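Numbering (our numbering), first residue to last: 3 to 111.
In this text, a Cβ means the ideal position worked out from N, Cα and C, and glycines have one as well.
The structure presented is a predicted model; accordingly, all values stated were derived computationally and were not measured.
Here's the structure we're looking at; comments come further down.
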Ligand code: FES
């Protein structure tokens, strides 16, 4: 995998997110209350809402548009809703964060 440095965990607000634009998509990188970090596509599987603006709770985010709850671990909608966003491999080395963009390019082809 081709890992790309994206910054430090302290760059992301606690229970918040930061967006990274790539040619394929915008990626939302979330930091949970338990200091876990996840990267997923910033596009709700329902109608494309900006998940980065949602509320983070546990290891999930609630979409700001119609309140679907998306797992940050799997990208899947939780509860009765059906759908998923792409998850992006993320490595956390003592707070320094890397994502694997190579797989993203391959997956988008
Ligand atoms: S667009 Fe996210 S819940 Fe509708």
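Cβ distance (whole Å) where residue i is taken to contact residue j below 8 angstroms
| i | j | result |
| --- | --- | --- |
| residue 48 | residue 65 | 7 angstroms |
| residue 46 | residue 74 | Actually they are not in contact, since the Cβ atoms of residue 46 and residue 74 sit about 13 angstroms apart, beyond 8 angstroms. |
Within 9 angstroms, strictly: CB atoms of residue i and residue j
| i | j | result |
| --- | --- | --- |
| residue 90 | residue 14 | no |
| residue 101 | residue 10 | no |
| residue 77 | residue 88 | yes |
| residue 4 | residue 104 | yes |
| residue 69 | residue 36 | no |
Span of the beta strand (DSSP E) around residue i
| i | result |
| --- | --- |
| residue 10 | 5-10 |
| residue 59 | 57-59 |
| residue 33 | 28-33 |
| residue 63 | 62-64 |
Coarse secondary structure for residue i, derived from DSSP in three states
| i | result |
| --- | --- |
| residue 92 | strand |
| residue 43 | strand |
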